[in-house]
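The sequence shown runs 56 to 309 under the working numbering.
Built from N, CA and C at the ideal position, the CB exists for glycine as well.
Small disclaimer: the values here were computed from a predicted structure and weren't measured.
Shown next, in structure tokens, is the structure this report addresses.
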Amino acid sequence: MSSKDSSISFKIDKPSLSDFVLKTSHSPVFPIFHLRIVPVEEAGDSELELKVNKKIFNLLKDLFFIDKFTLYLPLNEGSLGIWQPDMAIGLEILTRLGILRNINEWISDSRIALVNILDNQKVESKLSNDTAFKNSEEILNAMSILPDISSNKLLSIVVKDVISAKHLDPQTIIYRLAMAIYHTRNATGESISKMIDNPLDLYLRLLESDYYTKNSEPFKQIDKLPVDLRGLVTKVIAVFAIAAYFYHKEIREL
């Protein structure tokens, strides 16, 4: 058998032109929010309340499991994004656990950082928080992740480098490191830790821990979610806890 004969090829069928046009034209996609921004000298609003019909509110809550939506700006991409439910719920739990700051405080700091960047000024990148370090260490132990990552040289070097660059505020440093950890396997084929590769395993390890029992109130949000989403939320919690651990560990050593 020739190498040509033995090769396997796959063809991904595309829809016909008429099928695509028909289905796309019938798809129920509606514009529902129109956000206008206006320039002011002071910091401005970080949270806006938008009133919607109760049926639309219930629909959004049923679809996304949240009633607060956070927009983010990737400065180097020139686009706007919105955090998905796993991210939004995970961050709220991390805030209640004392690992992250309140989202409005974070937005305030990140806006100051953004203005400083636009003015070619340095950003305050250091913030000592022993409570956040202790809590991140505890939850990583609860998930059995800490022994696997505590001596990771790459994370130590990277977080030190980003802090010294002084172009991101402290919580955004944690956020970007967390996202790097979250996406490494899909982006490179390698994981920072194989312990986070299966989100539902993460969830079960957390569920069985004393830490989960001790902090049952913040985790009640997870219990109400579909099973797959529980795992995804737990993965968000894990990668942010890793990032917070390395950030605050570095700050303590400076």
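Buried versus exposed, by CB contacts within 10 Å (16 or more), residue i
i: D278; result: exposed
i: E305; result: buried
i: K106; result: exposed
i: A298; result: buried
i: L103; result: exposed
i: T243; result: exposed
i: F75; result: exposed
i: K89; result: The question names Lys, yet the displayed sequence has His at residue 89. That one is exposed.
i: H81; result: exposed
i: A220; result: exposed
i: I111; result: exposed
i: R285; result: buried
i: G133; result: exposed
For residue j and residue i, the rounded distance between their alpha carbons
i: E97; j: S206; result: 43 Å
i: I92; j: N131; result: 20 Å
i: L280; j: T125; result: 20 Å
i: S211; j: D174; result: 29 Å
i: K271; j: D265; result: The residue you asked about is not Lys; residue 271 is Ser in the sequence shown. Approximately 10 Å between the Cα atoms of the pair.
i: W138; j: S101; result: 15 Å
i: A239; j: V214; result: Ala is not the amino acid found at residue 239; the sequence shown has Thr there. Roughly 16 Å separates the two Cα atoms.
i: T150; j: N159; result: 11 Å
i: I194; j: L261; result: 8 Å
i: T289; j: Y267; result: 12 Å
i: E192; j: Y127; result: 28 Å
i: K208; j: P202; result: 13 Å
i: T79; j: S71; result: 12 Å
i: G99; j: D68; result: 50 Å
i: N157; j: K181; result: 17 Å
i: A187; j: R307; result: 12 Å
i: H222; j: M234; result: 17 Å
Coil, strand or helix - residue i by DSSP
i: I137; result: strand
i: L195; result: helix
i: L126; result: strand
i: R240; result: helix
i: N171; result: helix
i: V214; result: helix
i: D164; result: helix
i: H89; result: coil
i: K116; result: helix
i: N207; result: coil
i: V76; result: helix
i: K69; result: coil
i: L152; result: coil
i: V84; result: coil
i: G99; result: coil
i: Q276; result: helix
i: S264; result: coil
i: N184; result: coil
Candidates the options: closest to residue i by CA position
i: P225; options: L259, V178, S191; result: V178
i: L269; options: I251, F295, N190; result: Before going on, a small fix: residue 269 reads as Lys here, not Leu. Per the Cα distances, N190.
i: I200; options: I144, D68, S248; result: S248
i: I87; options: K78, L114, T79; result: L114
i: I204; options: I167, M234, S246; result: S246
i: V95; options: F85, R166, L261, I148; result: R166
i: F119; options: D141, P273, I162; result: D141
i: P254; options: D185, A168, M198; result: M198
i: P129; options: Y230, L146, M250, Q176; result: Y230
Rounded distance between the beta-carbons of residue j and residue i, thought under 8 Å
i: I218; j: I228; result: 6 Å
i: L257; j: A293; result: 6 Å
i: K123; j: A143; result: 7 Å
i: F274; j: I148; result: 7 Å
i: L232; j: Y302; result: 7 Å
Contact test: residue i Cβ vs the ligand HEM heavy atom, cutoff 7 Å
i: A197; result: The ligand HEM is not part of the structure shown, which contains no ligands of any sort.
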